[in-house]
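Residue numbers (this note's numbering): 376 to 493.
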């Protein structure tokens with residue numbers, strides 16, 4: 376693997392040196408202009424990639440450190456309220472302290488208490 380990589384790199388480097396010598400001898404500027412255009416294109420691509428990377432890094436940071444904790448806190452508060460409400464209602468029904476029904480009448484337990492106290 377290393378030998379193959381070395382051979383390929385050697386061939387590419389040799390080709391670049393031969394092209395550069397040909398360009399200097401014949402005074403052809405076409406290849407230099409092509410290299411410059413390629414460099415500008417690569418620099419523009421690297422700039423675009425770095426800008427997109429910073430943008431998505433900032434979005435991920437906001438999502439992980441701001442949105443998810445706020446969402447989990449909201450869900451925790453809602454579940455705590457739900458459990459507290461269920462616990463309170465179950466305790467009242469277990470002890471028979473449900474005073475009023477939804478229609479406004481007095482519960483049967485209180486009716487029996489009032490009858491017993493007379």
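Heads up, the beta-carbon is just placed ideally off N, CA and C, and yes, glycines get one too.
**Secondary structure of residue 475, DSSP reduced to three states** = Annotation note: pLDDT 48 at residue 475 (below 50); position unreliable, coordinate value reported separately. Note: residue 475 maps to strand in three-state DSSP.
**Asked** What are the boundary residues of the alpha helix (DSSP H) that includes residue 432?
**Response** 405-437
**Request:** Taking all protein chains shown into account, decide if residue 385 is buried (16 or more other Cβ within 10 angstroms of its Cβ) or exposed.
**Result:** exposed
**Message:** Which of the three DSSP states is assigned to residue 402 in this structure?
**Reply:** coil
**Asked** Out of curiosity, what's the CA-to-CA distance linking residue 441 and residue 450?
**Response** 14 Å
**Asked** My guess is that residue 398 and residue 389 are in contact by the Cβ rule of under 8 Å, so how many angstroms apart are they, rounded?
**Response** The Cβ separation is near 15 Å, so there is no contact.
**Prompt:** What is the DSSP secondary structure of residue 376, counted as helix, strand or coil?
**Reply:** coil
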